[in-house]
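A.B. asks:
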Amino acid sequence: MGFSRVLGGARRLARLIPALALLPALALMLATKAAPGRTTGGPSGTARPPSSAKYVERYPERENDVPPTLEQLAKPRVYDLDPAMGIGLDTFTLWAVDDLGRPDPSAYAYLRLTGRKLENGDYHLVVHVTKAPVLTNLQLVVRYDPDRWHPRNCDPGSLFGKEGDRLWLCKLDVPGVVCMAIARIRPDVNGGTKVDDGVVCEMAFNARPFDYKPWWLDNAPGGARNAPCNVQAYLDPQSCCVVLYWEEANVGDYNSDGEVGLGDLVPVGYRYGRLSTDGFEDDWDRMVDGNADGEINRRDVWLIGENFGALLSGYRVYRRQAGRPKGEEVLLKHHTSPLLPFSVHRPVEWDPMRPIAYRYYDHEVVATGKLSEWIYRIVPYDAADDREGPRSDIEVVVRVAVGLVSIAPR
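Residue -19 is where the sequence shown starts when you use my numbering, and the numbers rise one by one after that.
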């Protein structure tokens, strides 16, 4: 499904469904390990249960909710693409993928791959189209033998226009594959490609083993910018247990599919040059303003490359008693499927215009007459590679008593 269809559908949905009330920030001061200046949480004080219907839902774990399987959460990587579904030439294979990274066989009706071996042993590949429909974007993956070839460069052709007409993204440092995407700038205004025959890109390979510093596609979102944000805590009005609330961060994941990939260039192209603070469709603009500088520009494209492959399948939540060493923390179980290796899963469906929110109900910590103090640590998790996000965790210290949740300074 193309971004333009998602864009139109979400706009229609936004007109039909009134905005839900935000979770009242009636509780909580946070002590965190996040980067200085990061907004984490709400005003200080005690927590009173909000009355909104949204609050009592176990979202994203509703009553009798069956969580996604690990296979669903562990999205296929570019290494998992089937050669039989690509275009082969000598030792190279070309795939077209859609906005969500899935193979797109429809592109093979017009996509062509040609190449030749040079006298010095190097190889020159050309991706071009013949009798193609009007295109607004194209995502491609080329697989090669890293023991035999080193990708020297990959440059865009003229099919999508000149530099001011299109955006270009290419990753050469992923061993064994070249990942590339091209998108027209503001196709809603400028339209798509103007010709049906032309060159998409050209690649040159040296006849030597791959020797870039490798960029491995095996990490959850890392760094302080990808730490959970807007973290809050309150008491469940039904069970009086502690509830943690937070919103996800995955910088560069502009289409909100959980992974930073080639398809994230598409929404940047649609919003390119827009301001996220001008009062016109700011929700859409903020979605792709990755560095939050108020404008959709090339810096937001760079963030895709800097975070390429970061996969968010859910979060792990750890708990320990305040004053105890970190080595004594315990991983809290997933409520509806305790054997899963994380605490809460990412929703399978999402609204790209709204922050993706999580709640974890800790039924083992209940407000009683005795004051208790706990440290919770929330960490992004990648189910495909069983990895936690490096340096992107956040800790909150929660004090619990009858009718209140507050934060103790650390």
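Cβ coordinates follow ideal geometry from the N, Cα and C atoms, glycine included.
Computed from a prediction, not measured in an experiment: that's the story for all the values here.
Is it true that the CB of V345 sits closer than 8 Å to the CB of A213?
C.D. replies: Contact flag unset, no.
A.B. asks: Give me the DSSP bridge partner(s) of R146.
C.D. replies: According to DSSP, R146 bridges with R164.
A.B. asks: Does the structure place the segment 137 to 144 close enough to the segment 257 to 273 that three or more beta carbon pairs sit under 8 Å?
C.D. replies: As far as the Cβ criterion goes, the segment 257 to 273 does not touch the segment 137 to 144, which means the pair count is below three.
A.B. asks: For D127, I'd like the list of residues in its chain whose CB is within less than 7 Å of its CB, leaving aside the five on either flank, ordered along the chain.
C.D. replies: Answer for D127: P189, listed in chain order.
A.B. asks: Would you mind sorting T116 into buried or exposed? The rule is 16 or more other CB atoms within 10 Å of its CB.
C.D. replies: When all chains shown are included, T116 counts as buried.
A.B. asks: Quick test of the definition: if touching needs 3 or more C-beta pairs under 8 Å, does the segment 191 to 211 touch the segment 253 to 263?
C.D. replies: The segment 191 to 211 vs the segment 253 to 263: no contact.
A.B. asks: Assuming F185 contacts Y103 (C-beta within less than 8 Å), just tell me the rounded distance between them.
C.D. replies: That pair is a contact at about 4 Å.
A.B. asks: Round the Cβ separation of Y295 and V324 to the nearest angstrom and send it over; I've been treating them as touching at under 8 Å.
C.D. replies: Indeed they touch by this definition, with Cβ atoms about 5 Å apart.
A.B. asks: Going by alpha carbons, who is nearest to E182 out of K306, K111 and T94?
C.D. replies: Of the candidates K306, K111 and T94, the one whose C-alpha sits nearest the C-alpha of E182 is T94.
A.B. asks: Distance check for V246 and A364, CA to CA, integer angstroms please.
C.D. replies: Those two C-alpha atoms are separated by around 24 Å.
A.B. asks: Classify G178 as helix, strand or coil using the three-state DSSP reduction.
C.D. replies: In this structure, G178 counts as strand in the three-state DSSP scheme.
A.B. asks: Over the uninterrupted beta strand (DSSP E) stretch that includes F90, give me the two end residues.
C.D. replies: Note on identity: in this sequence residue 90 is Tyr, with Phe being the wrong assignment. Premise fails: Y90 is in no beta strand (DSSP E) and is neither H nor E.
A.B. asks: Would you mind reading off the limits of the alpha helix (DSSP H) that contains D85?
C.D. replies: Strictly speaking, residue 85 in this sequence is Pro, with Asp absent from that position. It is not in any alpha helix (DSSP H) - P85 carries neither H nor E in the DSSP assignment.
A.B. asks: Can you give me the C-alpha to C-alpha distance between W148 and V179, rounded to a whole angstrom?
C.D. replies: Roughly 14 Å separates the two Cα atoms.
A.B. asks: Leaving out five residues on either side along the sequence, give the residues of the same chain with a beta carbon under 6 Å from the beta carbon of G101.
C.D. replies: Within the same chain, G101 has close Cβ partners A187.
A.B. asks: Give the secondary structure of R306 by DSSP, where H, G and I count as helix, E and B as strand, and everything else as coil.
C.D. replies: First, the amino acid is wrong: residue 306 is Lys here, not Arg. Helix at K306.
A.B. asks: Should D280 be labelled buried (16 or more other beta-carbon atoms within 10 Å of its own) or exposed?
C.D. replies: Per the 10 Å Cβ criterion, buried.
A.B. asks: Beta-carbon separation of S372 and R326 under 8 Å?
C.D. replies: No, the Cβ-Cβ distance between S372 and R326 is not below 8 Å.
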